[in-house]
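What follows is a set of notes on a single structure, which appears directly below.
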Amino acid sequence: MASDSPQQKTPRHAERLSPDRDLLRQVLGSGGEDLRKCMQCATCSAVCELTDGHHPSPRKEMLWAQWGLRQRLMTDPDIWLCHQCNDCTLRCPRGARPGDVMAALRRECVIHYAVPGPIGRWASRPSSLVWIVLVSAAVLAVASSIWQWAGLTRAELSSTGSRIVFPFWTRLPHGLLMAGGLLLLIANAVKLFLSARRYWRALIAAGMPPDPRHGQKSSLGAALLRIIWHDDFSLCAANKTRRTAHLLVVYGMLALFLTDLWIITARFNPMLTGLVYPLAFLNPWKIMANLAGLAVLIGCLMMLIDRWRHPKTAGRGNHYDWALLGFLILIVLTGFGSELLHYARIDTLRHAVYAVHLVMVLAFLWMLPYSKLAHVVYRTVAMVYAERTGRRAFRQQVEDPLKAQAGVPE
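For the sequence shown, the positions run -13 to 396 when our numbering is used.
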């Protein structure tokens, strides 16, 4: 007869916890200063539409952050499945603001997996933003002088052929911008790929099930569809405008990137013949660029207004959030300013505004792998992991039978 004595039960392996006080200090200093108010009541997990019963977030993240358990948090995909709709913050009885804590943890995750690591930590500091802008201006000025000295500007302007492509300012011709932009984009792609690989390997090592529910390709496809339509944002009850603002910014930026790529490569693009640049106001590409710029500007302003009017549901944010919004707004406004001054033929002021515009773009590209835009990569990796391991399916499997039993219509 089997005995129920404690001695015959399977022993639980003890785990040595190693609190990281630096992590706690960093979270408290980057938007999560109300973390210590959390009393583990689980209200946040109960109201969150994106968590599940096996991995109740953000409750467990609040506890792990209070204890400074860096390794657990840095291998927790749930911090990226959170879209900071702040339903949890709105309902928290102690005002612990779980949404802001999760945002601070995502910032720490970007820094933790950044390549190169020291640059990621340095770029995350508020004081570094000034240096990034100043270095970007210096690099642009030096590169322009070298380009002129080498005679590359003269060679570019003399090879018009059937296309007349004249830069906004001959000191900053398209050849220079294309070369510099291409190098930065390649460098960013490599750094983000290496960072994403580090994060994926950490997730796998932390506990990928031996028999995943779905394959890699199907999981990636499902995750991308959710990202394209921003499906998870639509589940937010407290902040309905969040999805619209993000869609405007994301697709506006994508359209601007495609337009810039088309224009900068115009001189060498075999698909373009008889092109005259700068483009006329009613040119289809110009119309698309202006509409895309307006979309980004409106989306950013919606986010700013939402944070000003509803700080509890929009999140207070930190310099990490404000820096991205500031750069995007400055890039769009100086872009529109360059265009209007071009049509007004005010050359000196146009050149100055155009130079500021390019410095902002260059600084933006420098900091991209370490900015909030890196969320696109890390969140995609976490969502693929969630699809593959069946994390997302669990909540629906639990709730649908309960709704049916209670007679709640779907």
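Cβ coordinates follow ideal geometry from the N, Cα and C atoms, glycine included.
Give me the Cα-Cα distance between residue i and residue j, rounded to the nearest whole angstrom.
{"i": "VAL236", "j": "ILE213", "result": "10 Å"}
{"i": "LEU351", "j": "CYS27", "result": "42 Å"}
{"i": "ILE172", "j": "TRP133", "result": "21 Å"}
{"i": "LYS46", "j": "ARG92", "result": "15 Å"}
{"i": "GLU94", "j": "TRP66", "result": "12 Å"}
{"i": "ALA192", "j": "MET257", "result": "49 Å"}
{"i": "PHE179", "j": "LEU326", "result": "38 Å"}
{"i": "ARG403", "j": "ALA82", "result": "This structure cannot settle anything about residue 403, because the visible part of the chain is limited to -13 through 396."}
{"i": "LEU138", "j": "ASN174", "result": "26 Å"}
{"i": "PRO102", "j": "GLY18", "result": "26 Å"}
{"i": "ALA124", "j": "ARG77", "result": "48 Å"}
{"i": "CYS222", "j": "ASN72", "result": "8 Å"}
{"i": "LEU287", "j": "VAL318", "result": "12 Å"}
{"i": "ARG365", "j": "ASP307", "result": "16 Å"}
{"i": "LEU169", "j": "TYR99", "result": "22 Å"}
{"i": "ARG295", "j": "LEU143", "result": "50 Å"}
{"i": "LEU115", "j": "ARG11", "result": "21 Å"}
{"i": "TYR340", "j": "LYS272", "result": "17 Å"}
{"i": "LEU189", "j": "ARG56", "result": "14 Å"}
{"i": "ILE332", "j": "ALA165", "result": "28 Å"}
{"i": "THR227", "j": "MET289", "result": "9 Å"}
{"i": "LEU162", "j": "ALA129", "result": "8 Å"}
{"i": "VAL176", "j": "MET48", "result": "33 Å"}
{"i": "ALA266", "j": "ARG80", "result": "57 Å"}
{"i": "GLY376", "j": "GLY39", "result": "12 Å"}
{"i": "LEU240", "j": "TRP248", "result": "12 Å"}
{"i": "ASP86", "j": "ASP292", "result": "15 Å"}
{"i": "THR156", "j": "LEU120", "result": "22 Å"}
{"i": "GLY167", "j": "LEU126", "result": "11 Å"}
{"i": "ARG2", "j": "GLY238", "result": "48 Å"}
{"i": "SER405", "j": "LEU158", "result": "Coverage of the chain is limited to positions -13 through 396, which leaves residue 405 absent and any answer about it impossible."}
{"i": "GLN(-6)", "j": "GLN202", "result": "Residue confidence is low: GLN(-6) scores 46 on pLDDT, short of 50, so the model does not pin down where it sits. No coordinate-derived value is stated."}
I need the DSSP call for residue i, collapsed to helix, strand or coil.
{"i": "VAL262", "result": "strand"}
{"i": "CYS78", "result": "coil"}
{"i": "GLU35", "result": "coil"}
{"i": "PHE350", "result": "helix"}
{"i": "ASP307", "result": "helix"}
{"i": "ILE397", "result": "For residue 397 there is no data in the structure shown, the boundaries of the chain being -13 and 396."}
{"i": "HIS41", "result": "coil"}
{"i": "LEU399", "result": "Residue 399 is absent from the model: the chain starts at -13 and stops at 396."}
{"i": "CYS24", "result": "coil"}
{"i": "ASN276", "result": "helix"}
{"i": "ALA368", "result": "helix"}
{"i": "HIS296", "result": "coil"}
{"i": "GLU373", "result": "helix"}
{"i": "GLN(-6)", "result": "With a pLDDT of only 46 at GLN(-6), under the threshold of 50, the placement of this residue in the model should not be trusted, and no figure is reported."}
{"i": "PHE267", "result": "coil"}
{"i": "SER114", "result": "helix"}
{"i": "SER357", "result": "coil"}
{"i": "ARG2", "result": "coil"}
{"i": "GLY17", "result": "coil"}
{"i": "LYS46", "result": "helix"}
{"i": "GLN383", "result": "The pLDDT assigned to GLN383 is 48, lower than 50, so where the model puts this residue is not dependable; a value taken from the coordinates is nonetheless given after this. It is helical."}
{"i": "THR251", "result": "coil"}
{"i": "ILE105", "result": "helix"}
{"i": "PRO132", "result": "Checking the displayed sequence, the identity of residue 132 turns out to be Ile instead of Pro. Three-state result, ILE132: helix."}
{"i": "ARG331", "result": "coil"}
{"i": "MET239", "result": "helix"}
For my contact list, residue i and residue j are in at a C-beta cut-off of 8 Å; report their separation, rounded to the angstrom.
{"i": "VAL367", "j": "TRP186", "result": "5 Å"}
{"i": "LEU359", "j": "LEU310", "result": "7 Å"}
{"i": "VAL282", "j": "LEU314", "result": "6 Å"}
{"i": "VAL370", "j": "SER205", "result": "5 Å"}
{"i": "LEU261", "j": "ALA252", "result": "5 Å"}
{"i": "HIS361", "j": "PRO112", "result": "Rounded, the Cβ-Cβ distance is 19 Å, inconsistent with contact."}
{"i": "ILE250", "j": "HIS160", "result": "5 Å"}
{"i": "PRO44", "j": "MET88", "result": "5 Å"}
Short check: CB of residue i to CB of residue j, under 7 Å?
{"i": "ARG199", "j": "HIS216", "result": "no"}
{"i": "ALA182", "j": "GLU373", "result": "no"}
{"i": "CYS74", "j": "CYS30", "result": "yes"}
{"i": "SER122", "j": "VAL345", "result": "yes"}
{"i": "TYR329", "j": "GLY106", "result": "no"}
{"i": "ASP231", "j": "GLY285", "result": "What sits at residue 231 in the sequence shown is Ala, not Asp. Contact flag set, yes."}
{"i": "ALA90", "j": "VAL13", "result": "yes"}
{"i": "GLY279", "j": "GLY323", "result": "no"}
{"i": "ASP218", "j": "HIS69", "result": "yes"}
{"i": "TYR263", "j": "VAL151", "result": "yes"}
{"i": "LEU36", "j": "TRP50", "result": "no"}
{"i": "TRP53", "j": "PRO84", "result": "no"}
{"i": "ASP64", "j": "HIS41", "result": "yes"}
{"i": "ILE97", "j": "MET353", "result": "no"}
Would you say residue i reaches chain B, if we count a Cβ-Cβ gap shorter than 7 Å as a contact?
{"i": "GLY238", "result": "Considering every chain present, this structure includes no chain B. It has just one protein chain."}
Continuous alpha helix (DSSP H) assignments of at least 4 residues falling wholly in the region 136 to 222:
138 to 143, 160 to 193, 202 to 215
Going residue by residue through the region 48 to 103, where are the continuous alpha helix (DSSP H) segments of at least 4 residues, counting only ones entirely within it?
56 to 60, 64 to 67, 73 to 77, 84 to 99
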